[in-house]
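Take a look at the structure set out below.
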Amino acid sequence: MIRNNKALWNSPMMKAIRQEPPDRMPVWLMRQAGRYMAEYRAVRESCSFLDLCRNPKLCAEVMRTAVEKLDVDAAIIFSDLLLILEPMGFGLEFRAGDGPIIHGAVREEKDLLRIRELEDLSALSYTFETIAETRRQVDPEKPIIGFTGAPFTLAGYAIEGGSSRNFLKTKTLMYSSPSVWKELMGRIARSAARYLNGQIAAGADIVQIFDSWAGHLGVEDYRRYVLPYTKEMIDQITPDVPVIHFGTGNPELLPLQAEAGGSVIGVDWRIPLNDAWEKIGKDRVLQGNLDPAVLLASPDVIRSEVRRIKKDVAGRPGFIFNLGHGIHKETPVENVIALVKEIHKNEI
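Once you know that position 34 of the sequence shown is 33 in numbering that gives the first Met the number 0, the rest is easy, because the numbers rise by one and skip nothing.
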């Protein structure tokens, strides 16, 4: 338990989540271990992406390397949000240049016959071992973050068969087959909650829900077709464990995302922080929101953008610095190191 680890309980991340003044502004970064790092590329030369995700020791090693090199304040496990789909009855592969490919996409009611609600977590035991191994390798004062996709984002992949620009297949099913939509979203919501609870039991101190595709929806569609299932999922997560609810693409959804739940609401760069706080409530903790493209600019630009965000935060204790999405593979590592150093400075 976190409370039994005084150093972890008083870490910058946990203090920020409790809205207590931290010793320094906490920061972690989405995709903080990834292709922009030479160490990660070296590991990938010996195995495929999926083989890496199923190797707890290697997953922990690449994350430990990133945490130590960058000096970030938390370690999100190295994994992928689509892994949960395999034991639910989908095929999963990653092709170079094409990204994820989902086999057995759901397009109509009969497709539900082969989709299993996740009750037995044993097929994902490697994720839980990754959490335990990451905890052993990473500084005990830094929290471990587990994660999964939100119901809409996972359903989007499951219906489209991979990534999409417009999610036409997903929206068509959503509008034209409400009973199929309800059944699929319910199964995913309950499965994802069990998966997160398994991660928490394995040692995750915080969990993040990625709703990377919800921004393709308007407010009323999100309210009707997404919010009930995301809320159902979050309500089933182990009590007292911090939940970061991250979405991107449409700032108008923020009040509804906050209504769906989460100890922390993650936002992207499309909205100023003060406006985001107005939408979600000034009593909520916020995470964000630097555009990851800034990390391809000069160190002077990076430092200037950090100071701008710090000025917007204006000393509020309930804030966690992050990007508005993951680090781009073209990003120079030294720029990310400079970013973290600037964030950790106490002055604006």
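Ideal Cβ positions, reconstructed from N, Cα and C, are used throughout, including at glycine.
For H343, the enclosing alpha helix (DSSP H) begins and ends at 332-343. Taking 8 Å as the upper bound for CB-CB distance, Y228 and A188 are in contact here, some 4 Å apart. DSSP assignment within the stretch 150-237 yields the following whole alpha helix (DSSP H) runs of 4 residues or more, N-terminal first: 150-159, 167-175, 177-201, 218-224, 226-234.
Taking all protein chains shown into account, D267 has 16 or more neighbouring C-beta atoms within 10 Å of its C-beta and is therefore buried. The Cβ atoms of K141 and V66 sit closer than 8 Å to each other. H215 is the residue among H215, R17, S47 whose C-alpha sits nearest the C-alpha of K168. Assignment of F89 by DSSP, reduced to helix, strand and coil, places it in the coil class.
Counting only runs that start and end inside the stretch 242-276, the beta strand (DSSP E) elements of at least 3 residues fall at 242-246, 263-265.
Residue nearest to T126 within the set G323, G246, I243, L51 is L51 (criterion: CA-CA distance). Each of I158, I130, G145 was checked against the Cα of R106, and the nearest Cα belongs to I158. Bridge partners of A74 according to DSSP: I143.
Annotation for I144: A73, I75, I205, Q207 place their beta carbon closer than 6 Å to its own, counting only its chain and skipping 5 residues before and after. In the structure shown, the three-state DSSP call for P316 is coil. With contacts defined as CB atoms closer than 8 Å, G317 and V284 qualify as a contacting pair.
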